[in-house]
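Counted the way this note's numbering counts, the sequence shown spans residues 318 to 657.
Notes to accompany the following structure.
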Amino acid sequence: MRRFTSRAIIALLAIGGGYWAAQTLAPLAMAPLSVDQPSAVMQAPTVLPVSVAAGGPSGDQLVQEVISRSLERRPNIAAKVRQLVRIGDEALQGKGSYWQQGVGNLRRTRWELETLVGADPAFVTQVYDGEYVWTDRKLPGTRKVTRVGMEAIRREANSLNGAGQGGGIAGFSDAAARGGLSQLVTSLARCFTFSSPQPMQLGERTMLAVIGTWRPEQLEREWAGLATKPPEEWPSHLPHHVLLYIDSSELFPYLIEYRGGVDAALVTDPHGVFATRNPLALFELFDVEYFGSTMPASLFQYTPPDPSWHDVTSKVIEELRDAGAKGPAEMTQREGTWRE
318 MRRFTSRAII ALLAIGGGYW AAQTLAPLAM APLSVDQPSA VMQAPTVLPV SVAAGGPSGD
378 QLVQEVISRS LERRPNIAAK VRQLVRIGDE ALQGKGSYWQ QGVGNLRRTR WELETLVGAD
438 PAFVTQVYDG EYVWTDRKLP GTRKVTRVGM EAIRREANSL NGAGQGGGIA GFSDAAARGG
498 LSQLVTSLAR CFTFSSPQPM QLGERTMLAV IGTWRPEQLE REWAGLATKP PEEWPSHLPH
558 HVLLYIDSSE LFPYLIEYRG GVDAALVTDP HGVFATRNPL ALFELFDVEY FGSTMPASLF
618 QYTPPDPSWH DVTSKVIEEL RDAGAKGPAE MTQREGTWRE
């Protein structure tokens, strides 16, 4: 049995595994927790390479299209979630659900994830109700509820735009801070630059596999000086790179796999687009539904259990300002989508 740091536990239990989003939204003041190894390990999906005509978007453009052409445009999404997170030889497994309703100003989202910390259950719930992003983390012996006010973030962005200040938070869309899959994929797009898409067959679906490596300015921001060190010296809980499987027709992210420094060679390995059996973290979305019926309004409502919750809007604004001030790479949109 191993005792993990609070930083590692928060990273593991972050909604959807979005590393940058976790650093922005998650409070890090938690006592160390002990975690037992589960009896079984979630297996990565089996995939086969396929041949598809060239001419699609670059990896960075594809990830941007996932946000702008799929996640931001679909009025309804419901999906199940499986997760596996490792530190060394130990692992946490979890399961949960995701719901999304509405587009634009009508967008609402809800994540629910649960796992075991030792023999005790741990729960993470995140709800965006159209005004606030509520994140409720309930671990054995402790509970932390935080709130982010989206209107304050929008006002700050408008203020910077009006003052003629480019970059910073002014360059952000709501997707960067209002929870849900859009925030997760936006965080990946900001942290990583992606390889050319590689077509893969997953069951009856044709997936586009892309590998993301850290943008230098973002890696320096997360861990100063790390870029000059060999991958085997990287912190064990910090992703070295990430693998995404994106449905070629739906542009939906079905799998997100974080890999540690020990797997650094997979970035340039021709077989690196295959899911590894020993990832740092694996998040799989399945039983995905797109439908037009109205979801219960209660899914997108949240009432804190007591008055001890914390508003972290100002912290998020500072994080977004700082991220933009570091000069993230400009990612352009490409007209059209991948065609088989």
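Note that the Cβ used here is the ideal one computed from N, Cα and C, for glycine as well.
Every value quoted in this text rests on a predicted model; they were computed, and no experiment measured them.
Check	Outcome
The beta strand (DSSP E) enclosing PRO516, as first and last residue numbers	515–519
Identity of the residues DSSP links to GLY529 by a beta bridge	PHE511 and VAL559
Those runs of the beta strand (DSSP E) which lie wholly inside the segment 585–635 and span at least 3 residues	598–606
Beta-carbon spacing of GLU431, GLY458 below 8 angstroms	no
At least three beta-carbon pairs within less than 8 angstroms, the segment 552–562 to the segment 499–513	yes
Counted within 10 angstroms of its Cβ, other Cβ atoms place VAL420 as buried (16 or more) or exposed	exposed
Three-way DSSP call (helix, strand, coil) for GLU539 in this model	helix
Cβ shell of ALA370 (< 6 angstroms), same chain only, five flanking positions each side left out	Residue placement at ALA370 is poorly supported in this model, since its pLDDT is 49, which falls under 50; the coordinates still yield a value, given next. Here the set comprises nothing.
Beta-carbon proximity list for THR630, same chain, < 8 angstroms, skipping 5 on both sides	ARG464, VAL465, GLY466, ALA469 and ILE470
Own chain partners of GLN535 with C-beta closer than 6 angstroms, once the 5 adjacent residues on each side are dropped	CYS508
Near the ligand ZN: VAL584 beta-carbon under 7 angstroms from a heavy atom	Only the bare structure without any ligand can be found here, which leaves the ligand ZN out of the picture.
Continuous beta strand (DSSP E) stretch holding GLY411: start and end	407–418
Nearest residue (CA-CA) to GLU567, options SER375, GLN378, LEU388 and ARG495	LEU388
Residues that DSSP places opposite GLY466 in a beta bridge	TYR449
Distance CB(PHE617)-CB(VAL402) smaller than 8 angstroms	no
Sequence-distant residues of the same chain with beta carbon closer than 7 angstroms to THR530, five excluded per side	PHE509, THR510, HIS558 and VAL584
Alpha helix (DSSP H) segment containing LEU379, residue limits	376–382
Three CB pairs or more closer than 8 angstroms across the segment 376–383 and the segment 568–575	yes
Three-state class that DSSP yields for LEU430 in the structure shown	strand
Where ALA338 falls, given that 16 or more other Cβ within 10 Å makes a residue buried	Note that ALA338 scores a pLDDT of 43, beneath 50, so its modelled location is shaky; the value from the coordinates is reported in the next line. Buried is the call here.
ALA487, DSSP secondary structure in three states	Bear in mind that the predicted position of ALA487 carries a pLDDT of just 48, short of 50, making it unreliable; the figure below should be weighed with that in mind. Note: ALA487 maps to helix in three-state DSSP.
C-beta atoms of ALA395 and TRP416 nearer than 8 angstroms	yes
Bridge partners - ASP564, DSSP secondary structure assignment	MET524
Residues that DSSP places opposite GLN400 in a beta bridge	GLY411 and PHE600
For SER375 and PRO621, the rounded distance between their alpha carbons	43 angstroms
Extent of the continuous beta strand (DSSP E) to which ARG704 belongs	There is simply no residue 704 to check, as the chain begins at 318 and stops at 657 in what is shown.
Residues near VAL590 by beta carbon distance below 6 angstroms, same chain, minus five either side	GLN515 and ALA526
DSSP bridge partner residues for THR503 (one or two, in chain order)	According to DSSP, THR503 bridges with nothing at all.
Whole-number beta carbon distance between TYR607 and ARG391, since they are thought to touch under 8 angstroms	6 angstroms
Beta carbon of LEU572 nearer than 8 angstroms to that of ALA592	yes
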